[in-house]
Amino acid sequence: MKSKKGFSLVEMIVVLAIIGILMAILIPTWSYFIMRANVRSQNNYSKVIFNAAQTQATREKFYERENYNIANDTTKTVTERNAAKNELFVGKESDFYIYWNGHKGYLLMADGETIDTSVTPAVQTKVDDFVKSINKVFSQSSETVYKIYIKDYKVKSVCSGRSEGTENIGSYPEIQEGRSKNKTVQTFDMDSIKH
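So the mapping is simple: the working numbering equals the position in the sequence shown, first residue as 1, plus 5.
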């Protein structure tokens, strides 16, 4: 009598069932680890952006010191204070937001989400210079979108992602742990992550 070589149909079904069960367990776990790695990378990127932005905000404070002092000096006339305030960039508003979309920097309005379309060419040049100084330090700027929140020349928070639509948004100083569902970098709540 000849012995048959190979697997029987039942053995093949059992092997395929075991492979299916292993895949059902491993694929969600693998995607979770990939998501966590992406969020951690964005947290690290946000910290680099935070430090570079703080350096630039400190420079701006030095450049704007005289006009900032005049704008807040109650002994000066309203005309003098308004003229000095119009010369300010970072210190002009209490809440200052800059958004980088991976290609261009934008000044955001006080709500921290809406792009300010009334920006003059002179102010846009200052925005461009601000993000350029950050992007000299942050080498991943062409592959990352980020938003910076500054108050009184102090960077309060930064968030970043690979693209505007990503759910893997990282931040600093508050570190993100998971997906940011129903949020984009531009609409991310910066007050929730400030120090």
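Glycine included, every Cβ here is placed at the ideal spot set by N, Cα and C.
Could you work out which residue in the options is closest to residue i when comparing CA atoms only?
i      : options                       : result
GLN191 : ASN140, LEU113, ASN74, PHE135 : LEU113
LYS186 : PRO178, ASP196, VAL44, VAL160 : VAL44
SER165 : VAL150, PRO178, ARG41, MET40  : VAL150
TYR154 : TYR177, GLU85, ARG41, TYR50   : TYR177
SER147 : LYS161, GLY107, LYS156        : GLY107
Rounded to a whole number of angstroms, what is the C-alpha to C-alpha distance between residue i and residue j?
i      : j      : result
GLU172 : ASP194 : 14 angstroms
GLU65  : VAL95  : 7 angstroms
ILE18  : GLY25  : 10 angstroms
SER197 : ILE32  : 32 angstroms
GLY117 : PHE101 : 8 angstroms
ARG70  : ALA57  : 20 angstroms
ASP78  : PHE67  : 17 angstroms
GLY175 : TRP35  : 20 angstroms
MET40  : ARG167 : 12 angstroms
ALA22  : GLU16  : 10 angstroms
ARG184 : SER51  : 15 angstroms
THR125 : LYS188 : 29 angstroms
ASP121 : VAL128 : 11 angstroms
THR84  : GLN145 : 44 angstroms
MET28  : LEU14  : 21 angstroms
THR119 : THR130 : 19 angstroms
LYS81  : ASN74  : 10 angstroms
PHE38  : SER123 : 43 angstroms
LYS161 : ASP134 : 20 angstroms
CB-CB under 8 angstroms to residue i, same chain, minus the five flanking residues each way: which ones, in chain order?
i      : result
VAL53  : VAL142, PHE143
TYR20  : A quick correction: the sequence has Val, not Tyr, at residue 20. Result list for VAL20: PHE12, in chain order.
GLU98  : ALA115
LYS159 : GLN59, ALA62
LYS201 : Because the chain spans 6 through 200 in this model, residue 201 falls outside it and cannot be assessed.
Please list, in chain order, all residues of the same chain as residue i whose beta carbon is under 6 angstroms from its beta carbon, the five residues on each side excluded.
i      : result
VAL136 : TRP105, GLY110
ILE180 : ASN48
ALA76  : ARG86, ALA89, LYS90
ILE30  : none
Opposite residue i in the DSSP bridges: which residues?
i      : result
GLY175 : SER165
TRP105 : GLY110, TYR151
ASP100 : LYS156
ILE39  : Answer is none; ILE39 lacks a bridge partner.
Here's the rule: buried if 16 or more other CB atoms are within 10 angstroms of the residue's CB, otherwise exposed. What is residue i?
i      : result
GLU182 : exposed
ALA89  : buried
GLY170 : exposed
VAL132 : buried
LYS10  : exposed
Can you list, in chain order, the residues of its chain with a C-beta nearer than 7 angstroms to that of residue i? Leave out the 5 residues immediately preceding and following it.
i      : result
GLU92  : ASN72
ILE139 : ILE54, ALA57, ALA58, GLN61
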